[in-house]
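Participant: Take 52 as the starting number for the first sequence in the working numbering and just add one per residue. Every residue, glycine too, gets a C-beta built ideally from N, C-alpha and C. Predicted model only: the values in this text are computed from it and were never measured. Sharing a structure here in structure tokens format.
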Amino acid sequence: MPELPEVETVRQTILPSVTGRQIDMISPLTPGVYLSGGLDASGSIITDVRRRGKYLLLDLIPQDGLHGPLIMLVHLRMTGRLLLRERDETPPRHTHLRLRLTRPDQPDNPIWLDFHDTRRFGRVWLLTADPEGRPVGAPGGYDALGPEPLGPEFSAAWLQGLRDKRKNTSLKAFLLDQTVIAGLGNIYADESLFAAKLAPYQSVGTVSDTQFSQLVDAVRQVLADAVSCQGTSLRDYVDGWNRKGRFQDCLMAYGRAGQPCRICGTVMRKMKLAGRTTCWCPDCQSS
DNA sequence: ACCTACCTGTTT
DNA sequence: AAACAGGTAGGT
52 MPELPEVETV RQTILPSVTG RQIDMISPLT PGVYLSGGLD ASGSIITDVR
102 RRGKYLLLDL IPQDGLHGPL IMLVHLRMTG RLLLRERDET PPRHTHLRLR
152 LTRPDQPDNP IWLDFHDTRR FGRVWLLTAD PEGRPVGAPG GYDALGPEPL
202 GPEFSAAWLQ GLRDKRKNTS LKAFLLDQTV IAGLGNIYAD ESLFAAKLAP
252 YQSVGTVSDT QFSQLVDAVR QVLADAVSCQ GTSLRDYVDG WNRKGRFQDC
302 LMAYGRAGQP CRICGTVMRK MKLAGRTTCW CPDCQSS
């Protein structure tokens with residue numbers, strides 16, 4: 052489900068409700084989903100919610116004075132959700148972790164934050180933080196993440212520097228590689244290539260400097276638009292208050308095979324690339 | 001770079 | 001019954 056715009060929207064929706072609250076109870080409901088590594092989050096105060104690629108990081112300060120800062124690292128994978136609740140209702144099916152959160156000055160006015168995941172691919176890790184606020188011992192992909200696409204290090208120069216090493220890979224596979232760009236998935240890779248007017252099967256080695264520059268602009272534009280629409284809700288995705296996004300109404304490429312291109316009217320096509328269904332306009336994206 | 005596995009639910 | 005779904009890790 053969630054790519055950068057959806058994860059960012061979840062971050063923004065839960066941030067004001069959880070910041071400053073204390074985790075006064077933590078309930079793992081399904082074995083294997085919450086990996087605490089022997090650490091204990093209960094009693095910690097949540098001081099911030101950050102995002103890196105498709106990961107969310109809840110910054111925690113333990114109150115026992117015995118431990119340094121902790122980070123609760125969350126990856127929603129395909130169908131994960133973080134849901135705020137104002138009542139202690141029975142956890143719905145597929146709820147795997149529940150946090151009870153109170154304000155230290157209002158201990159009798161709790162809210163709950165549930166991790167819900169139909170397919171159970173998602174994970175929540177509890178990790179220590181290093182002095183720079185980075186998680187220690189994060190799962191494999193985290194430390195290898197490439198630049199944030201909406202940040203300054205993501206540039207045509209960065210992509211050009213990868214061109215030789217990755218010359219034979221398709222642009223689609225390139226954009227899905229989290230070490231190249233952190234946060235794109237199947238939807239926004241297709242949307243970015245459409246916006247850049249580049250064919251998804253074009254090999255990286257044949258992309259010009261000008262085209263890389265167009266691609267950088269396209270990725271930034273698409274992601275910024277999708278964030279401002281609070282993400283794409285096709286099936287499962289909702290924000291922290293169980294609300295759908297609106298970007299599904301703005302899709303130009305993803306899921307549009309067989310339908311007319313919204314620019315030129317040509318019938319959109321699809322092919323399998325990097326193991327994922329890929330949709331493109333054979334006219335606008337001819338390269 | 002490709003496969004398969006991990007899961008459940010929905011659509012064909 | 002089979003294919004497919006927003007993702008990633010592990011093996012080849």
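1. Ordered along the chain, which non-local residues of its own chain (more than five positions away) have a Cβ less than 7 Å from that of ILE16?
2. Give every residue of the same chain whose Cβ lies closer than 7 Å to the Cβ of ASP260, excluding the five residues on either side of it in the sequence, and list them in chain order.
3. In chain order, what residues of the same chain lie with their CB nearer than 6 Å to the CB of THR220, ignoring the 5 residues before and after it?
4. What do you reckon, are the CB atoms on TYR193 and TYR85 nearer than 8 Å?
5. Would you mind sorting THR60 into buried or exposed? The rule is 16 or more other CB atoms within 10 Å of its CB.
6. With a Cβ-Cβ cutoff of 8 Å, do THR130 and ASP241 count as a contact?
7. Do the segment 147-155 and the segment 67-83 make contact, defined as three or more Cβ pairs closer than 8 Å?
8. Closest by CA to GLN265, which one among GLN336, ARG101 and THR230?
9. Do the CB positions of ARG174 and HIS118 come within less than 8 Å of each other?
10. If you follow the alpha helix (DSSP H) that TRP209 is part of, which residue opens it and which one closes it?
11. Put SER95 into one of helix, strand or coil per three-state DSSP.
12. Going straight from the alpha carbon of TRP304 to that of PRO203, what length do you get?
13. Rounded to whole angstroms, how far is the Cβ of VAL100 from the Cβ of ARG151, which I believe are closer than 8 Å?
14. Of all the alpha helix (DSSP H) runs that stay within the bounds of the segment 231-319, which reach a length of 4 or more residues?
15. Does GLY192 come out as helix, strand or coil in the three-state DSSP assignment?
16. Could you check where the beta strand (DSSP E) with PRO161 kicks off and where it finishes?
17. Sort GLY306, LEU178, THR64 and ARG271 by Cα distance to LEU235 and report the nearest one.
18. Would you identify the three-state DSSP class for VAL125, choosing helix, strand or coil?
19. Contact defined as beta carbons within less than 8 Å: I believe LEU196 pairs with LEU55. What is the distance between those atoms, to the nearest angstrom?
Facilitator: In short, the structure shows the following:
1. No statement about residue 16 is possible, as the shown extent of the chain runs from 52 to 338 and does not include it.
2. ALA207 and GLN211
3. Taking THR220 as the centre and dropping the five residues before and after it, the same chain places the C-beta of VAL255 closer than 6 Å to its C-beta, in chain order.
4. no
5. buried
6. no
7. yes
8. Distance from the Cα of GLN265 is smallest, within the candidate group GLN336, ARG101 and THR230, for GLN336.
9. no
10. That run of the alpha helix (DSSP H) goes 207-213.
11. coil
12. Rather than Trp, the amino acid found at residue 304 in this sequence is Ala. Near 27 Å, if we compare the C-alpha coordinates of PRO203 and ALA304.
13. 17 Å between Cβ atoms; not a contact.
14. 237-247 and 260-279
15. helix
16. 157-168
17. ARG271
18. DSSP places VAL125 in the strand class (E or B) of the three-state scheme.
19. Their Cβ separation, rounded to whole angstroms, is 11 Å, which puts LEU196 and LEU55 out of contact at 8 Å.
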